[in-house]
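4 protein chains.
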Amino acid sequence: MLKLDFHPAGRHFLQIPGPSPVPDRILRAMSYPTIDHRGPEFGALGLTVLDGIKKIFKTAQPVVIYPASGTGAWEAALTNTLSPGDTVLMYETGHFATLWKKLAENLGLKPEFLGLPGTEGWRRGVQPDLIEARLRADSGHAIKAVCVVHNETSTGVTSDIAAVRRAIDAAGHPALLLVDTISGLASADYRHDEWGVDVTVSGSQKGLMLPPGISFNAVSQKALDASRQAKLPRAFWGWAEIIEANHLGYWPYTPNTNLLYGLAEALDMILGEGLDRVFARHQRLAGACRAAVNAWGLEIQCVDPAVYSPVLTGVVMPEGVDADAVRKTIYEHFDLSLGTGLGKVKGRMFRIGHLGDCNDLTLLAALGGCEMGLKLSGIALRGSGVTAAMDYLTSHVAKPALKVAA
Amino acid sequence: MLKLDFHPAGRHFLQIPGPSPVPDRILRAMSYPTIDHRGPEFGALGLTVLDGIKKIFKTAQPVVIYPASGTGAWEAALTNTLSPGDTVLMYETGHFATLWKKLAENLGLKPEFLGLPGTEGWRRGVQPDLIEARLRADSGHAIKAVCVVHNETSTGVTSDIAAVRRAIDAAGHPALLLVDTISGLASADYRHDEWGVDVTVSGSQKGLMLPPGISFNAVSQKALDASRQAKLPRAFWGWAEIIEANHLGYWPYTPNTNLLYGLAEALDMILGEGLDRVFARHQRLAGACRAAVNAWGLEIQCVDPAVYSPVLTGVVMPEGVDADAVRKTIYEHFDLSLGTGLGKVKGRMFRIGHLGDCNDLTLLAALGGCEMGLKLSGIALRGSGVTAAMDYLTSHVAKPALKVAA
Amino acid sequence: MLKLDFHPAGRHFLQIPGPSPVPDRILRAMSYPTIDHRGPEFGALGLTVLDGIKKIFKTAQPVVIYPASGTGAWEAALTNTLSPGDTVLMYETGHFATLWKKLAENLGLKPEFLGLPGTEGWRRGVQPDLIEARLRADSGHAIKAVCVVHNETSTGVTSDIAAVRRAIDAAGHPALLLVDTISGLASADYRHDEWGVDVTVSGSQKGLMLPPGISFNAVSQKALDASRQAKLPRAFWGWAEIIEANHLGYWPYTPNTNLLYGLAEALDMILGEGLDRVFARHQRLAGACRAAVNAWGLEIQCVDPAVYSPVLTGVVMPEGVDADAVRKTIYEHFDLSLGTGLGKVKGRMFRIGHLGDCNDLTLLAALGGCEMGLKLSGIALRGSGVTAAMDYLTSHVAKPALKVAA
Amino acid sequence: MLKLDFHPAGRHFLQIPGPSPVPDRILRAMSYPTIDHRGPEFGALGLTVLDGIKKIFKTAQPVVIYPASGTGAWEAALTNTLSPGDTVLMYETGHFATLWKKLAENLGLKPEFLGLPGTEGWRRGVQPDLIEARLRADSGHAIKAVCVVHNETSTGVTSDIAAVRRAIDAAGHPALLLVDTISGLASADYRHDEWGVDVTVSGSQKGLMLPPGISFNAVSQKALDASRQAKLPRAFWGWAEIIEANHLGYWPYTPNTNLLYGLAEALDMILGEGLDRVFARHQRLAGACRAAVNAWGLEIQCVDPAVYSPVLTGVVMPEGVDADAVRKTIYEHFDLSLGTGLGKVKGRMFRIGHLGDCNDLTLLAALGGCEMGLKLSGIALRGSGVTAAMDYLTSHVAKPALKVAA
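As you go down the protein sequences, you meet chains A, B, C and D in turn.
Residues in the first sequence are numbered consecutively from 1, following the UniProt record's numbering.
Residues in the second sequence are numbered consecutively from 1, following the UniProt record's numbering.
Residues in the third sequence are numbered consecutively from 1, following the UniProt record's numbering.
Residues in the fourth sequence are numbered consecutively from 1, following the UniProt record's numbering.
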């Protein structure tokens, strides 16, 4: 068997913004023997996860589960609703928005990339007024879809999806609203139905605390209607057959059985804790993390407090410091994985994930690893971030609702 | 946690032709915590599996691993090599060949479906002379690819891929040769390079003994060249970026980490035993299974002994018997899952899988479950299949190469 | 990691009469991380298992759980109740009764070994009239305890414990009744309170379907009273401190935490199925196993049908055949472990376990392995045992109570 | 399945001085299906662990492995070597030394309890001169054994075993030397042979990183000789039969199979890292922990720096503070388990374990939990212990020997 931890002892701290740490309960659920995907047990499993996942998306409409990782769900959202050469309005919030745009191009669509100049858009969320203005200008309705990222994993900036919906409506434009919340789902509040989203794209390896390998499209009736006209070739990603087979808890082709076991367990954990408590927990840990970055005297990538991500925090390095060299030092000395800077901010920042199965002490450990690694890298810090985080945590006491008898 | 076995006690026997039973070693390997897919441990894992999987396909050329189940790899083989409206010559060997054809249509290709009339093609392998004749007739080389299934999972019939290659060459035709060996790989001998296959499609949940969720394209240089001209839109399935990232053991988007753990373990098991011994084991178990069916006085779906599948055996029910009712009786009484009849043979047959992590006694158990279930269903049997299988096994003694010190 | 299966592929069949196969659910429960044995979670675990285990012993009195394997619980039963030099009446039912007697001698007790001559006692259960006669003769009440084995693991013979109780009462003798049901508990009906047993000894690795490592003393009030006078030195095995600490779910010294996780799961499985259904399942499989032995024309070790064990069946070899050579052949060819002959019957018989997590097809597989191995060993069989077992199973239809929606 | 973590999310931090956190690799190894304890695979397993464990004890003499938790190994050391009424010289280092003495009394021995007055002995290690003086006074050699604890788990104080050996030799006394290193083994240097120890007692759940359930006696020739004369009744604990069966890798009674799987894995991990590196790692983490306690302005239970434990650190509370109330606050808010104060120091201190599978960030997390919990408990701290620990760790850089290719 491969020995996969290169460090001699102790637990690895996986604080990238996904894959997030997979709880033992889920790893154990996933190790149940694979069953017949056409048998009665599978049907029961399928109905359970298809029902539960709707609660996470806050939707009463279909959620399609793909046996493929998240990039596939991006592709699915586009191929099901659009036709070759269609114009789509995409918004540059960061690296993942950029990748989604590139994917749209590869599929033969014509994405128009809206955003603030330079890296400014990488530090603020979507500006709905820009979208509204652009749509108003599109009097011929050439734009078929508006695509935005809810939680930019590359920056730690969220966007106000309800406001994007309002912008589209204000412009009186019929474009579909497609949203990527791959790293936001189950960590930040998300409301597919209430916000009027047409397709929501997500994946397993973030707030759902699963390994990568399954991904999602939550689908509105308007999107379903559009899919009947859409001309992009599609087979594997086609919604219709899947939704049909899902009625009895099955899939038209082989599903990713063991990840569905994990999903059933994750739903049990998340819905058992309650989404509101899950979101509050994320907010509190994110607050403590930002307190640490501030105490260090370092800059946070997100410059608008209204859109701080509860999922991850981007930490900007002082001028002249190679963020990846710092990350390497931290990894090698302290067995801690942080997210790298991607795209336009490569080498300029690293990202601390504080999502999913994370608690106060795990976050402190991660911040301790950062603080020590920054020092070993010769970076002058204004103060102790760990101490600031502890102050934050003890002054925002959230005694967990223990299941302990008195 | 979901309780997924509806039976009160004892182990489920999963004898469908895939997903095949996942060995404990692999389930355990898969339950290792998910790691950073951009970290050094992952790179080591990636290089290990990318190297090992080539040995399974018997190729020195790239094998692309997708974080998606097998149907996706079908799509990938087509979208990487073909353009909208291309004619492809497909061969009807059974239900999965039919599904692949339907998928090609969905993608906007023009598949031409060759084969024997009625269900005759479902009982014999590919007839290379038909392919040769058709290609000779295609003097304008409108046909861009020939697509055949190596081991028809719906029937238990294999096809002679080397002979198909010879047929194409004899016709002097430039079409690509695309082969599906989703259920054949690592159970039946397969030689991607030697047989001159351009794209081989496979999946994880059969001979590789993994859960479903990853799939493969082994790719020839000719296929790579074709991919540069191919016009079908593609992004998630695109070979170029993946092969590029694979050089260091990484993927351009999030891979299915925990299934790759399992793949590393599976490669260790299969290459440790040795492919030749693995194939011989499958042949022996298949022989015992057919001895049982013959003893029962029932018909085997495959009528040409030259192309009996070592992976599964299709058992045809006597006229008037509903095969699915028999399967249900067997499942409910004996906690044994068998493959259903698919497509043209729905209700007419069931399939016994004897692939992957199967041994003599597991096969006997499955045959015992069939024999008892057939009797409980009121079907008159000529004799005991289990007894015949035992005779076969003891007269084809294969004392395993035990790792026991004398 | 050690590779522990010497066979190249497929599942090992563990059909010794214990350790019995440990279900995946239990292995998974046991792999939960070890917790603080003085913390609140542990207290909840402790109270759960201490409550549940009483239902298995059918007792309202304390059940002491030791972090030690079964032999320790034998020692505990004696050291808690007896004093150096005490006479105990033990009954020779087979090898384990003999070992218990030897253990008593090692502890400085004076066991008197009652039984039928030669190996006759190894083929029949306890004869209560012999016990009654011996106790009547003991007018001075020198005998302090009567020790019998409920299910002799070495022979496949049970004994009527209620009848032993009646014999003691009929003799008007005050001796304690100590019973070993290490291999009987949770497979054969057992009633600690109703049968008036003073100490019942059991272990984890049989009907409870756990790995070895924890063991039990169910204790009557009379035994507790005796323990206050008993003079054998004791510390680790002392009941008083354990029972005291158990009130809050704890132990006075470090318990075997992970096996207690497994026990909680096992109790959930067994009590969920219902003890009566569990016992009926064992009886049915035992019946099928004996049908096979009869069909082979071989002798069953137990000669009194009234006391056939539902747990295991001893199969006597024809004169001149070395049973261990047969077992070795079966193990090497078919990856099947059978129980060896022990003590007086060494080399004369082997034992087929059909307890715990066993179902129809697992038993058939085991019988198939035996039948083929017997043939490979050159032993002439009268007929097919597997066929006879299938006939038995289909004529004793026990369609399991499936949790399948209609 | 029992849900055993009462906290809603994130990983529990188990920082009691044992059970220590069990690494995933070991939990996974332990979940391999239980095998026949008399079969060939088991023999291979047995020989592997019996060989490896000697390297941990640094002995060429037998190490007996019991399927019982550590208290049993205490009992075994005494019952194998002593006779009823024997005088043994025991040394009061703390609560576990006291418990061992009580156990000796329960077994009918006459322990004489040496030590410094009050709780002074609980803050310093064994004083060898006191032992030497007492033995010199025992001219009639009434004392049969000297019993000391190598690493007092209740205090965080070690003792110099080599010096105890020299003291015995200097007195020219024939008493056996029995040492408990239940919590020291594989964390602190220990040399059974070189130090002339006659019986070393240890357990699985500390430095070996296993769950509780197996325990050890390393045995000298002199101890073996003594065991032939020793008259305490013994059966389960008897060395002779076990050592005899161990020659082929087996045990005379049912061993704790799944914990032996874990032991094989643990040996692989520890011997793979190298004992010297393991010890250095423990020393470094212990240094960081003490730096934290000092920075808080709190007292360390151990007052002699020469005998600081590398395994755990006892933290004394300010006068008037209930240590268990602080522990409860820490547990409830931060999901961190600390060791309670035991015996004479109950309520006065808590213990931080930093043994086994621990690394820098796990220790920091634990210290962070303590620091926040102390503050929430209203205890004034002089400074930040976490900051001090980070300073210690970065100034004692131990870049781990990573298995990373350059």
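Backbone N, C-alpha and C define an ideal beta-carbon position, used for all residues, glycine too.
All of these numbers come straight from a predicted model, not from anything done at the bench.
Just to make sure I have the definition right: I need the residues of chain C whose C-beta is within less than 9 Å of the C-beta of residue i. Which are they?
{"i": "R28(A)", "result": "R28, A29, S31 and Y32"}
{"i": "D24(A)", "result": "S31, Y32 and P33"}
{"i": "D357(B)", "result": "A9, G10 and R11"}
Which two residues bound the contiguous beta strand (DSSP E) that contains residue i?
{"i": "R351(B)", "result": "M349 to G353"}
{"i": "D180(D)", "result": "L176 to D180"}
{"i": "L14(D)", "result": "F13 to Q15"}
{"i": "T155(B)", "result": "Taken as a continuous stretch (DSSP letters only), T155(B) belongs to no beta strand (DSSP E), as it is neither H nor E."}
{"i": "L111(D)", "result": "Contrary to the premise, residue 111(D) reads as Pro rather than Leu in this sequence. It spans K110 to L114 - the beta strand (DSSP E) in which P111(D) sits, taken as one unbroken run."}
{"i": "T87(D)", "result": "T87 to Y91"}
{"i": "V63(D)", "result": "V63 to Y66"}
Quick one: list the residues of chain C neighbouring residue i, beta-carbon separation under 7 Å, in chain order.
{"i": "D360(B)", "result": "F334"}
{"i": "G70(D)", "result": "T254"}
At a CB-CB cut-off below 8 Å, which residues of chain A make contact with residue i?
{"i": "H37(B)", "result": "P19 and P212"}
Just the chain B side, please: which residues come within less than 8 Å of residue i by C-beta, in chain order?
{"i": "D268(D)", "result": "By Cβ distance, chain B contributes nothing, its closest Cβ being about 15 Å from D268(D), past 8 Å."}
{"i": "D51(D)", "result": "Under the 8 Å cutoff, chain B gives no residues; its nearest Cβ is about 14 Å from D51(D)."}
By DSSP, does residue i sit in helix, in strand, or in coil?
{"i": "S20(C)", "result": "coil"}
{"i": "T313(B)", "result": "strand"}
{"i": "N256(A)", "result": "coil"}
{"i": "K346(C)", "result": "coil"}
{"i": "Y331(A)", "result": "helix"}
{"i": "G262(C)", "result": "helix"}
{"i": "G339(B)", "result": "strand"}
Against residue i, what residues of chain B qualify as contacts under a CB-to-CB distance less than 7 Å, listed in chain order?
{"i": "D225(D)", "result": "Within chain B, no residue comes near D225(D); the closest Cβ sits about 33 Å away, beyond 7 Å."}
{"i": "E273(C)", "result": "P8 and A9"}
Starting from the beta carbon of residue i, find every residue of chain D whose beta carbon is closer than 8 Å, and list them in chain order.
{"i": "Q229(C)", "result": "Ordered by position in chain D, no residue passes the 8 Å Cβ test against Q229(C), which lies about 15 Å from the chain."}
Could you list which residues in chain C have their beta carbon closer than 8 Å to that of residue i, in chain order?
{"i": "S337(B)", "result": "Within chain C, no residue comes near S337(B); the closest Cβ sits about 11 Å away, beyond 8 Å."}
Mind checking which residues open and close the alpha helix (DSSP H) that includes residue i?
{"i": "S395(C)", "result": "G385 to S395"}
{"i": "residue 439(A)", "result": "Because chain A spans 1 through 406 in this model, residue 439(A) falls outside it and cannot be assessed."}
{"i": "I379(A)", "result": "Segment: none, I379(A) is in no alpha helix (DSSP H) and carries neither H nor E."}
{"i": "I53(C)", "result": "P40 to F57"}
{"i": "G70(B)", "result": "G70 to T81"}
Give the interface partners of residue i over in chain D, defined as CB-CB distance under 7 Å, in chain order.
{"i": "S202(C)", "result": "Residues of chain D passing the Cβ test: none, with the nearest at roughly 12 Å."}
{"i": "T257(C)", "result": "P19, P211 and P212"}
If the cut is a Cβ gap below 9 Å, which residues of chain D does residue i touch?
{"i": "Y331(C)", "result": "D36, G39 and P40"}
{"i": "I16(C)", "result": "D36, H37, R38 and G39"}
Mind listing the chain A neighbours of residue i? Cutoff is C-beta to C-beta under 7 Å, in chain order.
{"i": "D5(B)", "result": "E41"}
Q: Please list the residues of the segment 85-117 of chain A that have a C-beta atom closer than 7 Å to any C-beta atom in chain D, keeping them in chain order.
A: If the cut-off is 7 Å between Cβ atoms, the segment 85-117 of chain A has nothing near chain D.
- prompt: Hey, which unbroken runs of the beta strand (DSSP E) at 3 residues or more fall wholly within the segment 178-228 of chain A?
  reply: 199-203 and 215-219
Going along the chain, which residues of the segment 364-386 of chain C sit with their C-beta nearer than 8 Å to a C-beta in chain B? Within the segment 364-386 of chain C, those residues whose Cβ lies closer than 8 Å to any Cβ of chain B are, in chain order, L364, A365, A366, G368, G369, E371, M372, K375, L376, S384 and V386.
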